[in-house]
Amino acid sequence: MESGKYSGPIPSSARVHIRYQGTDTSVSRHFFECKHNPMQLRWCVIDEAPIDSRGDNRLKRLLQKEGKWIKKLGTLIPDGLNDSWSLKPYL
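Position one of the sequence shown corresponds to residue 1 (full-length UniProt numbering), numbered consecutively onward.
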């Protein structure tokens with residue numbers, strides 16, 4: 001399992017990520033080592049950060065939510081596929 005932030009169309013972004021990244025990321029390495037193909041990818045939206053009319057920093061909110069879910073779901077390596085997460089978006 002991996003938690004991550006996406007700001008575009010999720011299914012196509014994730015499949016392209018796996019198909020063209022080779023073995024540069026933990027997700028693409030997992031798919032390559034286990035001989036999966038991009039069509040076997042399953043995903044689910046678990047949270048959203050809608051665009052705020054006040055013009056706040058949406059990227060910062062996305063990174064905060066990503067960190068929250070990485071911690072809550074326990075998706076850091078070796079239990080999951082997230083390489084790292086940072087407290088920087090909270091500062």
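All C-beta atoms, glycine included, are put in the ideal place defined by N, C-alpha and C.
Legend entry - Length of the line joining the Cα atoms of Gly67 and Arg58: Straight-line Cα distance between these residues: approximately 14 Å.
Inset, instruction - Flag this pair as touching only if the stretch 75-88 and the stretch 24-31 have three or more C-beta atom pairs under 8 Å; answer yes or no. - result: yes
Inset, instruction - Over the uninterrupted alpha helix (DSSP H) stretch that includes Trp43, give me the two end residues. - result: No alpha helix (DSSP H) contains Trp43, which DSSP labels as neither H nor E.
Legend entry - For Leu76, three-class secondary structure by DSSP: DSSP places Leu76 in strand when its eight states are reduced to three.
Inset, instruction - Confirm, please, whether the CB-CB distance from Trp85 to Leu76 is below 9 Å. - result: yes
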